[in-house]
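Asks: Residue numbers 17 to 175, in the numbering used here, belong to the letters of the sequence shown in order.
Beta carbons are placed, not taken as given, at the ideal position from N, Cα and C, and that holds for glycine.
Keep in mind it's a predicted model, so treat the numbers as computed, not measured.
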Amino acid sequence: MPRVAPPYRSARPPLWLLLLGLPLLELYLLMQLGRLIGAAPAVGVVVFTGLLGALVLRQAGMGALARVQDSLRRGEAPDRVILDHFLLLLAGLALLVPGPLTDLAGLALLAPPVRALVLAWALRHLPPGGGAPPGAGGRVLEGEYEAVDRDKLEKGANR
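#1: Can you tell which of 62, 93, 54 has its C-alpha closest to the C-alpha of residue 119?
#2: Residues in the same chain with beta-carbon distance under 6 Å from residue 121, minus the five sequence neighbours each way, listed in chain order, please.
#3: Hey, quick one: how far does the alpha helix (DSSP H) through residue 56 stretch, first residue to last?
#4: With distances taken from CA atoms, which of 47, 70, 169 is nearest residue 113?
#5: Would you check if there are 3 or more beta carbon pairs closer than 8 Å linking the stretch 93-103 to the stretch 31-47?
#6: So the candidates are 134, 60, 29, 56; which of them puts its Cα closest to the Cα of residue 99?
#7: Which value, in whole angstroms, describes the spacing of the CA atoms of residue 95 and residue 89?
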């Protein structure tokens with residue numbers, strides 16, 4: 017009897033584990049913070065970071081288009097500008113999510129040196145141009161084409 021290979025398993029944890037585990041961890045850490053500094057200050061921190069996140073999202077969104085246009089006007093590729101603003105948007109979203117872990121991640125991404133490190137890592141590890149579309153397999157098919165008018169095509173098929 018032939019042996020069947022076991023099903024492929026990713027080294028990454030399943031998405032459901034992340035979606036369930038992160039909020040539970042955030043809730044646990046928030047409760048520990050409440051025990052440490054008190055309930056009212058802990059709620060104040062959550063409200064403050066949420067407002068800060070909303071402000072960051074607003075500012076990053078408004079400035080992104082202008083910075084991309086400036087870099088295009090200078091003849092530069094806007095990839096660094098786009099990634100930098102993406103990281104700012106990610107920081108704002110992290111600050112909006114209530115919890116100490118995401119707040120620390122969001123605050124860290126607000127620091128330009130941290131964003132520069134993440135940006136350098138991303139530019140080293142992401143494929144240029146965003147990679148091939150799904151299913152392309154990295155192959156390039158070369159060929160020639162001719163634009164044909166629909167009427168000419170139908171007349172040629174009737175011969």
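Replies: The structure says:
#1: Looking up residue 119 in the sequence shown gives position 103. It is 62 whose Cα lies nearest to the Cα of residue 119.
#2: As a first step, residue 121 must be located in the sequence shown, where it is residue number 105. Here the set comprises 110.
#3: Against the sequence shown, residue 56 aligns to sequence position 40. It spans 55-89 - the alpha helix (DSSP H) in which residue 56 sits, taken as one unbroken run.
#4: The residue labelled residue 113 in the question sits at position 97 within the sequence shown. Among 47, 70, 169, the Cα nearest to that of residue 113 belongs to 70.
#5: no
#6: Along the sequence shown, read from residue 1 onward, the residue named residue 99 stands at position 83. With distances taken between Cα atoms, residue 99 lies closest to 134.
#7: In the sequence shown, residue 95 corresponds to position 79, counting from 1. In the sequence shown, residue 89 corresponds to position 73, counting from 1. Residue 95 and residue 89: Cα-Cα distance of roughly 14 Å.
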